[in-house]
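Per our numbering, numbering of the sequence shown is gapless, rising by one per residue and ending at 621. For each residue, glycine too, the CB sits at the ideal point set by N, CA and C. No experiment lies behind these values; they were computed from the predicted model shown. Take a look at the structure set out below.
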Amino acid sequence: MRLSAIIVSIVLLTASSVLPGNAGAAATAVRTPHHIILSNGLLELSIALPGGESDGIFLLRSGRKIRLADSMYFDANGKPDIVPASRLNQQTKKGHFALFHRHDTVRIVPAGLPGAAEVAVTVRPHFWFPFRITLHYMLPAGQSALYAWAQVSHGDSAPAAGFVQCRFVIRNSRLFTHAIVNHNRMARMPKMDVVKKLMNVTYLLRDGHVYTKYDNCIFEAHHYLHGVTGRGTGLWMIFASNEYLNGGPLRQNSTVYMPNVMIALFQSTHYGAGPVHVKQGQKWSKFYGPFLVYVNHGTSMRSMYANARHRQIKEAAQWPYKWVHNVDYPLGRGSVAGVIQTPHGRPVVGAWVVLAAPGKPWAMQADGYEFWTKTNRLGHFIIHKIRPGNYTLYATGANHFVSFQKPGVTVSAGRTMTLGTVVWKRRMKGTLLWEIGTADRSTRHFRHGRNIRHWGNFRWYPKEFPDDVTYTIGKSAPSKDWNFAQWTWYCKRPWWAIQFNLARQPSGVATLTLGIAASCPPPHHKLLHLRVMINGQIVQNISLKKSGMAVYRSGGQDSDYRVRYVRFNADILKAGRNTIHLALQGSTKFPKSVAAMQRGQVGAVMYDAIRLSDSARLATR
1 MRLSAIIVSI
11 VLLTASSVLP
21 GNAGAAATAV
31 RTPHHIILSN
41 GLLELSIALP
51 GGESDGIFLL
61 RSGRKIRLAD
71 SMYFDANGKP
81 DIVPASRLNQ
91 QTKKGHFALF
101 HRHDTVRIVP
111 AGLPGAAEVA
121 VTVRPHFWFP
131 FRITLHYMLP
141 AGQSALYAWA
151 QVSHGDSAPA
161 AGFVQCRFVI
171 RNSRLFTHAI
181 VNHNRMARMP
191 KMDVVKKLMN
201 VTYLLRDGHV
211 YTKYDNCIFE
221 AHHYLHGVTG
231 RGTGLWMIFA
241 SNEYLNGGPL
251 RQNSTVYMPN
261 VMIALFQSTH
271 YGAGPVHVKQ
281 GQKWSKFYGP
291 FLVYVNHGTS
301 MRSMYANARH
311 RQIKEAAQWP
321 YKWVHNVDYP
331 LGRGSVAGVI
341 QTPHGRPVVG
351 AWVVLAAPGK
361 PWAMQADGYE
371 FWTKTNRLGH
381 FIIHKIRPGN
391 YTLYATGANH
401 FVSFQKPGVT
411 VSAGRTMTLG
421 TVVWKRRMKG
431 TLLWEIGTAD
441 RSTRHFRHGR
451 NIRHWGNFRW
461 YPKEFPDDVT
471 YTIGKSAPSK
481 DWNFAQWTWY
491 CKRPWWAIQF
501 NLARQPSGVA
511 TLTLGIAASC
521 PPPHHKLLHL
531 RVMINGQIVQ
541 NISLKKSGMA
551 VYRSGGQDSD
561 YRVRYVRFNA
571 DILKAGRNTI
581 HLALQGSTKF
591 PKSVAAMQRG
601 QVGAVMYDAI
611 RLSDSARLAT
621 R
């Protein structure tokens with residue numbers, strides 16, 4: 001049978017979790033001089049020797065093999081803290097290390113799941129990456145799916161080191177034409193007809209479209225799976241849990257990008273999240289995964305996505321997998337439940353509740369494991385399947401600039417720790433006069449704040465705000481009149497204005513609170529300087545470091561969230577009309593050249609929310 005005929009027959013199938021073939025056969029692992037071949041009659045995984053990288057994933061049908069992926073491999077990006085000058089020129093580009101062939105051990109091992117076949121790949125510590133890596137690939141019997149996971153460890157004699165990224169990468173075959181991130185983000189991958197490269201994996205295409213891999217990023221809070229489809233076949237990465245990912249629910253993750261690349265990005269500093277760092281002599285290890293590589297068939301993208309989502313729900317119900325036997329993967333789990341209220345007894349609704357290690361802000365943690373959920377309309381929350389250990393409970397969002405913390409939360413296997421009612425006091429600097437937006441670490445309440453996954457969002461600004469932003473309290477609307485980013489390019493005035501009326505002359509000390517969802521200096525600058533002027537007087541100059549990459553990576557927030565308080569003598573305010581100017585120093589006019597705009601070399605500050613309060617009780621009108 002010809003390949004084209006096979007593909008046509010695939011298209012005619014409805015979405016199914018079990019593909020036609022030798023579905024009842026147990027999986028086998030066969031070693032040849034140059035490969036280990038895992039096969040179960042439905043799928044075949046070819047692992048090259050001696051390196052241990054997969055050089056193909058194949059669909060088995062009617063005695064033929066259809067190539068689904070050209071390769072599947074694990075890599076990391078890191079280095080030791082101290083590198084002698086004599087070795088600096090030996091470092092690989094950007095610190096990326098795939099498997100180190102001289103240090104690999106590839107072997108067939110007994111599988112934890114009956115009827116499955118499993119291969120383990122061990123990478124010993126290396127000067128440039130002083131961590132031990134153990135990878136596992138397991139092919140179950142009778143399933144068009146395989147599991148993969150990684151354990152990364154640092155010995156007590158190893159030097160201080162860290163890594164910013166580790167991931168599994170699948171380079172798909174040309175069978176696939178569409179990328180799927182979630183139920184409402186499905187699109188054909190553009191043809192790689194590149195005119196020029198604008199930045200990292202960002203290209204100007206011949207049809208005028210700008211493509212970037214960052215358009216397909218997603219928040220971990222909503223990340224269950226992603227995949228590609230084509231000619232009636234789907235290939236998916238499915239995640240039963242995200243406990244092992246760094247940065248919590250608001251860390252943003254890459255998924256699928258051109259040309260035909262899928263990644264399971266376990267550790268990443270994208271959008272300002274934190275790296276893994278281990279001290280000299282510190283014994284540390286972390287278990288990443290398992291995740292599922294899944295193949296299905298269907299008559300449409302949506303039917304295949306629905307089937308893959310159903311499989312993800314099934315996998316999540318089975319977590320933690322009973323067939324994994326590893327000291328870093330405890331099967332006994334616990335739960336934490338409680339209610340969060342204000343001091344007045346009102347429920348705190350829609351706050352993120354995160355269990356993470358004490359000390360470092362939860363969004364910047366990477367060395368351990370995190371668990372999260374949201375409070376419901378009654379302020380209730382419950383988190384299940386938590387690894388035993390000691391945690392701090394954090395709560396964030398729900399119009400609070402400062403996160404709540406409750407230390408000393410101990411989780412035991414087989415038990416639910418009930419915290420009862422937890423009171424979250426709002427840290428208000430005086431009496432509220434007005435606020436713009438809602439403090440939830442994001443720009444989603446502002447114009448385009450919910451539509452961020454597009455390269456070059458700055459291009460909309462000149463048409464929508466030709467006179468720049470003037471926001472009038474009591475009249476303007478955040479979703480219409482406040483842009484999600486204040487760029488270091490402006491149209492007519494190098495500042496934004498906030499106008500408001502006060503009923504009478506205030507006194508004492510007033511506070512302008514600025515929640516900063518993201519900040520990025522303009523090109524060739526280390527800091528972004530924000531000048532705050534009130535009624536023509538400069539009250540403070542704020543210096544902001546780069547918080548991440550949201551400004552130029554199709555994002556509306558970074559993980560590194562900051563709050564700045566501008567305290568000033570309230571006598572500057574007056575009865576009647578008042579004006580606050582927010583000016584980014586070093587701003588320039590929007591370029592007239594399309595080519596200059598396409599380079600996208602622009603800085604910005606993205607406000608989460610802005611609040612003015614005063615120690616006196618004043619009315620606004």
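A direct Cα-Cα distance of roughly 9 angstroms separates Ser-303 from His-297.
The DSSP-derived three-state label of Asp-558 is coil. A Cβ-Cβ separation of about 5 angstroms places Ala-366 in contact with Gly-274 under the 8 angstroms criterion.
Taking the Cα positions, Ile-436 is about 58 angstroms away from Thr-105.
CA-to-CA, the gap between Gly-603 and Lys-545 works out to about 11 angstroms.
Every candidate alpha helix (DSSP H) stretch fails here, since none sits fully inside the segment 247-272 while reaching 4 residues. Rounded to the nearest angstrom, the gap between the Cα atoms of Gly-408 and Asn-390 is 6 angstroms. The Cβ atoms of His-34 and Leu-45 do not sit closer than 7 angstroms to each other.
Of the residues Ser-86, Lys-79 and Asp-481, the one whose Cα lies closest to the Cα of His-154 is Lys-79. A direct Cα-to-Cα measurement between Ala-351 and Phe-401 gives close to 12 angstroms.
Selection Thr-28, Ile-170, Tyr-565 and Gly-420 evaluated against Arg-611 yields Tyr-565 as nearest (Cα-Cα). For Arg-31, the CB contacts under 7 angstroms within the same chain, skipping 5 residues up- and downstream, are Ile-108 in chain order. Thr-392 and Leu-355 have their C-alpha atoms some 6 angstroms from each other. Counted as a single uninterrupted DSSP element, the alpha helix (DSSP H) harbouring Pro-478 occupies residues 478-481. Sequence-distant Cβ neighbours of Ser-268 in its own chain, meaning closer than 6 angstroms and more than five residues away, are Gln-165. If you draw a straight line from the Cα of Arg-441 to the Cα of Gly-332, it comes to about 34 angstroms. For Arg-311, the uninterrupted alpha helix (DSSP H) run begins and ends at 301-318, by DSSP. Beta-bridge pairing by DSSP links Asp-571 to no other residue.
Its chain contains Pro-494, Trp-495 and Arg-531 as the residues whose beta carbon lies nearer than 6 angstroms to that of Ala-583, once the 5 sequence neighbours on both sides are disregarded; these appear in chain order. Contact between the segment 510-525 and the segment 549-557 is present: 3 or more CB-CB pairs across the two stretches fall below 8 angstroms. Secondary structure within the segment 347-403: the beta strand (DSSP E) runs of 3 or more consecutive residues, fully enclosed, are 352-356, 371-374, 380-386 and 389-397 (chain order). Across the structure, Pro-478 and Leu-514 are spaced so that their CA atoms are roughly 15 angstroms apart. The alpha-carbon separation between Asp-560 and Met-364 amounts to approximately 7 angstroms. Excluding five sequence positions before and after Asp-558, the CB atoms of its chain that fall closer than 6 angstroms to its own CB belong to Tyr-271, Gly-272, Ala-518, Ser-547, Gly-548 and Ala-550, given in chain order.
Of the residues Val-411, Trp-284, His-344 and Gly-368, the one whose Cα lies closest to the Cα of Ala-337 is Val-411. In this structure the segment 480-488 touches the segment 584-593; the number of beta carbon pairs closer than 8 angstroms is three or more.
Taking C-beta atoms under 8 angstroms as the contact rule, Leu-225 and Val-295 fail to qualify, at a distance of about 13 angstroms. Assignment of Phe-163 by DSSP, reduced to helix, strand and coil, places it in the strand class. In the assembly as shown, Glu-220 is a buried residue. Its beta-carbon has 16 or more other beta-carbons within 10 Å.
As the crow flies, the alpha-carbon of Leu-432 is around 20 angstroms from that of Gln-540.
The beta carbons of Ala-395 and Phe-404 sit closer together than 7 angstroms. In the three-state reduction of the DSSP assignment, Gln-282 falls in the coil class, being assigned neither a helical nor a strand state. Classified as exposed, Glu-464 has fewer than 16 neighbouring CB atoms from the shown chains inside 10 Å of its CB.
Asp-55 and Val-353 have their alpha carbons spaced roughly 41 angstroms apart. Taken atom to atom, the span from the alpha-carbon of Thr-579 to that of Ile-538 is near 12 angstroms.
Per DSSP, the continuous beta strand (DSSP E) segment holding Lys-197 begins and ends at 194-199.
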